[in-house]
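Enquirer: Please read through the structure below; I'll follow up with questions.
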Amino acid sequence: MNRSKFDFSSHPLLATSPHDCIPHLAAYMTDHNVEALPPPRLFASYSAYPLLPKSVRESSDCKIVYICRNPKDVFVSHYFFAMKLRPPMLPPISMEEAFDLFCRGVSEFGPYFEHVLSYWKANFECPQKILLLKYEEMRKDTVKHVKQLAEFLCKPFSAEEEREGVIEEIVKLCSFEKLTSSEVNKTGKVAFVPEMLIGNDNFFRKGQVGDSPNHLTPEMIERLDKITEKKLKGTGFTFGESKEY
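Letter by letter, the sequence shown follows residues 1 to 245 of the UniProt record's numbering.
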C-alpha cells in the first residue's frame, strides 16, 4: 500500500517493529480516534470475524486479509509465545495441559477452528472484501502471494516494478531472516497498552512450517487431527500442508 512512499534502504521496517508499523486495532481504539487517521488506514486484529466492529464488517471500502495456519503448528507456536510472557508469580503450564485446553477450544481469542471458519464463511460470501491466505502456501511461494495481495488491495504491481524486482525486494524486506536480524527486533519493546511492554524478540521463534512433530507426541497429533477432521467436515475448507518446502 505504501511502497511508493519509501525506498528499501530507508524503509521504516528496518528501524521499527512490525507491531509498531501496523498498530493493533483494539489497543489503538482505547487511546485514539480511528476516524482522525487519514485513509488508507491499516490495522491488525486477532478478533474472530463476528467480533470485528460493525463498521469494519459492513463497509464496502474496508478490505480484510486473514492469515490462518495448520492448527498443530499454531498450538506449538502459541504455547512457546505464551510461556515467554507468563508472569513469574504464576506456576508454569505444561505443554500437555495447554494442549488439552487448545483442543477444548479454550483460547483468549476463542476456539481456533471457529475463528478460522468465521473468516472462511465470510470469504466465501464476499470474496471481494475478504482475502483468506494460508501460511504454508505463503511460505511455499511468497512472491505469488505478495502479487495476489497487491491485486486484492487494488494496488497491483506494474510491469516495470516486476522487471525491477520490486516484489522480490518486498519479500526480502519482510523475511523472517531480515526481521530477526534487525536491532529493533532484538532489543526493542512494543506496548499494546501502556502498562504492558513486550520485547520484540518474543514474537520470533523459528518461522518454519511443520515444527509441531518435534514437540507433540503421536497421540497428541492423532487427537488434534481427529478434531480437525470433525470441525472441518462439510465446510469445504482445508488447512495448508504442515511441512517445510
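Each residue gets a CB set at the ideal place from its N, CA and C atoms; glycine is no exception. Note that the coordinates shown come from a computational prediction; the quantities given were computed from them, not determined experimentally.
Output the boundary residues of the alpha helix (DSSP H) element that contains Cys103.
Expert: 95-103
Enquirer: Specify, as a first and last residue, the run of the beta strand (DSSP E) that Tyr46 falls within.
Expert: It is not in any beta strand (DSSP E) - Tyr46 carries neither H nor E in the DSSP assignment.
Enquirer: If I'm right that Val76 touches Ser212 with Cβ under 8 Å, what's the distance once you round it to whole angstroms?
Expert: 5 Å
Enquirer: Between which two residues does the beta strand (DSSP E) harbouring Ile130 extend?
Expert: In the DSSP assignment, Ile130 falls within the unbroken beta strand (DSSP E) covering 130-134.
Enquirer: Quick one: grab the DSSP three-state call for residue 274.
Expert: No answer is possible for residue 274: the residues shown for the chain start at 1 and end at 245.
Enquirer: With the cut-off set at 9 Å, would you say Phe113 and Lys231 are in Cβ contact?
Expert: Their beta carbons are under 9 Å apart, which means Phe113 touches Lys231 by this criterion.
Enquirer: Assuming the contact rule is C-beta atoms closer than 8 Å, Lys84 and Asn202 should be a hit. Round their C-beta distance to whole Å, please.
Expert: 5 Å
Enquirer: Starting from Met196, trace the beta strand (DSSP E) both ways and give me its first and last residue.
Expert: 196-199
Enquirer: Would you kindly work out how many angstroms separate the C-alpha atoms of Glu96 and Leu132, rounded to a whole number?
Expert: Those two C-alpha atoms are separated by around 30 Å.
Enquirer: Less than 9 Å between the beta carbons of Tyr119 and Tyr46, yes or no?
Expert: no
Enquirer: Starting from Val65, trace the beta strand (DSSP E) both ways and give me its first and last residue.
Expert: 64-68
Enquirer: Return the first residue and the last residue of the alpha helix (DSSP H) that Met220 is part of.
Expert: 218-232
Enquirer: Taking DSSP as the reference, what is the three-state secondary structure of Lys144?
Expert: helix
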